[in-house]
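Participant: Numbering (my numbering), first residue to last: 2 to 418.
1) For residue 32 and residue 139, I'd like the C-alpha separation in whole angstroms.
2) Rounded to a whole number of angstroms, what is the C-alpha to C-alpha distance between residue 161 and residue 180?
3) Take the Cβ of residue 93 as the centre, count every other Cβ of all protein chains shown within 10 Å, and call the residue buried at 16 or more, exposed below.
4) Taking Cβ positions, are residue 295 and residue 365 nearer each other than 8 Å?
5) Report the CB separation of residue 121 from residue 195 in whole angstroms; it is logged as a contact under 8 Å.
6) From which residue to which residue does the alpha helix (DSSP H) around residue 384 run?
7) Have a look at 329, 331 and 337 and flag the residue whose alpha-carbon is nearest the alpha-carbon of residue 314.
8) Could you say if the segment 348-357 and the segment 279-290 meet the contact criterion of at least three C-beta pairs nearer than 8 Å?
9) Could you tell me the boundaries of the alpha helix (DSSP H) in which residue 160 lies?
10) According to DSSP, simplified to helix, strand and coil, what is residue 121?
11) How would you write the range of the alpha helix (DSSP H) that residue 196 sits in, first residue to last?
12) Helix or strand or just coil, what does DSSP make of residue 4?
13) Taking Cβ positions, are residue 287 and residue 333 nearer each other than 8 Å?
14) Hey, out of 327, 204, 243 and 250, whose CA is closest to residue 98's CA?
15) Going by DSSP, name the residue or residues bridged to residue 128.
16) Below 8 Å between beta carbons: does that hold for residue 209 and residue 247?
17) Between which residues of its own chain and residue 202 is the CB-CB distance below 8 Å, once the five residues before and five after are set aside?
18) Which residue from 369, 115 and 320 puts its Cα closest to that of residue 298?
19) Could you check whether residue 212 and residue 136 sit closer than 8 Å to each other, using their CB atoms as the reference points?
20) Cβ atoms of residue 341 and residue 377: under 8 Å apart, would you say?
21) Note down the Cα distance separating residue 112 from residue 124, rounded to an integer number of angstroms.
22) When the Cα of residue 127 is compared with those of 230, 250 and 224, which residue comes out closest?
23) Consult DSSP for residue 262 and reduce its assignment to one of helix, strand or coil.
24) Is any heavy atom of the ligand MG found at a distance shorter than 7 Å from the C-beta of residue 307?
25) Rank 343, 131, 100 and 382 by C-alpha distance to the C-alpha of residue 473 and give the top, closest one.
26) Roughly how many angstroms lie between the CA atoms of residue 1 and residue 321, to the nearest whole one?
27) Just verifying my parser: in three-state terms, what is the DSSP assignment at residue 180?
28) Going by DSSP in three states, residue 299 sits in which element: helix, strand or coil?
29) Helix, strand or coil: how does DSSP classify residue 246 here?
30) Using only alpha-carbon positions, find the residue among 216, 232, 129 and 264 that is nearest to residue 242.
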């Protein structure tokens, strides 16, 4: 099984998803794959004889449902993510966990070790709160997890931290089953932390996969513009986060301190069909606002962006070097902008005939930078604001009025005989 299978459509594996058309199917709010359970009594027998309709007789769905029973609601997961997740790959991954080939250390250090638990919480908080809420909602449900208001406020961030602490790293049902004494919290029979580790491992792999698939499917490809700015969806990770990829989340969360006998965890996951691919681009995080004109243009990124917007040419975005944190990179970016400007006929010289080159912009030469911006305005932006023919007509009209005034003045001041 290849890693690519992880993104296939669950509907393809679970029948057409269409209902039988009975009274109880008229709402349209349920997942079509469960239509056989809602058939009117008079036709239920015939529906049960349809091989594709009765997905619960399919062993892979039964196995996946059983494996996820302590992690999340399989029904809810299927309804919300059926377009993005493959039951085959999920089943294979969770089978590896259930059979002990992929597991957290028996004492579940990600819960019992305060330092590792805090580290794991910080890793989850690297996700953009908008996306983290969506992921937690898909796993746990509950309307309180649906975004309402400013999700970046301190109150909302504190709420997400509480959900991670109280729900993601614990399981009330397991705690009751393994408790020595229900009146004494924190004392559990042997096997509790090992079982809790299985649940947490499934949760983190499911959360990362869900968010990776959702973000990848909703991203704007670079050939159409900058994701999150020109369209697409919000950034998956916060700007201040050091984590910028789904793979990095898995590597940092499930480190060798947490996992039992794992060398290359990602390689193991790919073998069983689990593959994540999202990588947040530095260009998507770039702040294009201008506060200090000459300094802000020195790296060439904003200049390239201006060319892209004025020319509707996104090919320049694929050439930009970001982050542009060295003079050499700045020169490259300014050179790219100059090349595109030259191709569209923008003069690369000032009013005195001095040639403008990329190094002038990088060095912050104010006079030459202003000359370049003026040339860009005249040749690229002004035609978008004013039609040339209308401008010429207006100029002719003004000239005509001025000539008429001059003629009148001559008549007035003409000596009378």
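The beta carbon of each residue, even a glycine, is placed where N, CA and C say it ideally should be. Since the structure is predicted, the reported quantities are computational estimates derived from the model, not experimental observations.
Facilitator: On the basis of the data shown:
1) Stepping through the chain shown from its first residue, residue 32 is reached at position 31. Stepping through the chain shown from its first residue, residue 139 is reached at position 138. Reliability fails at residue 32, whose pLDDT of 32 lies under 50, so the model's placement of it is uncertain and no value is given.
2) Your numbering for residue 161 matches position 160 in the chain shown. Your numbering for residue 180 matches position 179 in the chain shown. Using only the alpha carbons, I get a separation of about 27 Å.
3) Against the chain shown, residue 93 aligns to sequence position 92. Buried.
4) Walking along the chain shown from the start, residue 295 turns up at place 294. Walking along the chain shown from the start, residue 365 turns up at place 364. Yes, the pair counts as a contact, with Cβ atoms nearer than the cut-off.
5) Position 120 of the chain shown, counted from the start, is the residue given in the question as residue 121. Position 194 of the chain shown, counted from the start, is the residue given in the question as residue 195. Not a contact, Cβ separation roughly 17 Å.
6) Within the chain shown, residue 384 is the residue found at index 383, counting from 1. Note, residue 384: alpha helix (DSSP H), 383-386.
7) One-based indexing of the chain shown puts residue 314 at position 313. When each option's Cα is compared against that of residue 314, the closest is 337.
8) no
9) Residue mapping note: residue 160 aligns to position 159 of the chain shown, counting from 1. Where residue 160 is concerned, the enclosing alpha helix (DSSP H) stretches over 155-164.
10) In the chain shown, the residue the question calls residue 121 occupies position 120. The answer is helix: DSSP assigns residue 121 an H, G or I state.
11) For the purposes of this step, residue 196 is taken as the residue at position 195 of the chain shown. Element bounds for residue 196: 193-219.
12) The residue labelled residue 4 in the question sits at position 3 within the chain shown. Only weak support exists for where residue 4 lies, its pLDDT of 40 falling under 50; the coordinates are left without a value.
13) The count along the chain shown starts at 1 and reaches residue 287 at position 286. The count along the chain shown starts at 1 and reaches residue 333 at position 332. Taking 8 Å as the Cβ cut-off, residue 287 and residue 333 do not qualify as a contacting pair.
14) Looking up residue 98 in the chain shown gives position 97. Of 327, 204, 243 and 250, the residue nearest in Cα terms is 204.
15) Taking the chain shown and counting its residues from 1, the one referred to as residue 128 is at position 127. According to DSSP, residue 128 bridges with 238.
16) The sequence position of residue 209 within the chain shown is 208, counting from 1. The sequence position of residue 247 within the chain shown is 246, counting from 1. Yes, they are a contact pair.
17) Position 201 of the chain shown, counting from 1, holds the residue named residue 202. The answer, listed in chain order, is 98, 103, 104, 105 and 255.
18) In the chain shown, the residue the question calls residue 298 occupies position 297. Per the Cα distances, 369.
19) Looking up residue 136 in the chain shown gives position 135. Looking up residue 212 in the chain shown gives position 211. Taking 8 Å as the Cβ cut-off, residue 136 and residue 212 qualify as a contacting pair.
20) In the chain shown, the residue the question calls residue 377 occupies position 376. In the chain shown, the residue the question calls residue 341 occupies position 340. It is not a contact, given that the beta carbons lie outside the stated cut-off.
21) By one-based count along the chain shown, residue 112 stands at place 111. By one-based count along the chain shown, residue 124 stands at place 123. Approximately 14 Å, taken between the alpha carbons.
22) Numbered from 1 along the chain shown, position 126 holds the residue referred to as residue 127. When only C-alpha atoms are compared, the closest one is 250.
23) Locating residue 262 in the chain shown gives position 261, where the first residue counts as 1. In the structure shown, residue 262 sits in coil (DSSP, three-state: anything other than H, G, I, E or B).
24) The model on display carries no ligand, and the ligand MG is accordingly not part of it.
25) Any property of residue 473 remains undetermined from this structure, which presents the chain solely from 2 to 418.
26) No information on residue 1 is available, as it lies outside the stretch 2 to 418 that the chain covers here.
27) Counted from its first residue, the chain shown places residue 180 at position 179. Residue state, collapsed to three classes: strand.
28) For this step, residue 299 is matched to residue 298 along the chain shown. In this structure, residue 299 counts as coil in the three-state DSSP scheme.
29) Within the chain shown, numbered from 1, the residue matching residue 246 stands at position 245. Note: residue 246 maps to strand in three-state DSSP.
30) Indexing the chain shown from 1 puts residue 242 at position 241. Looking at the Cα atoms, 129 is the closest of the given residues.
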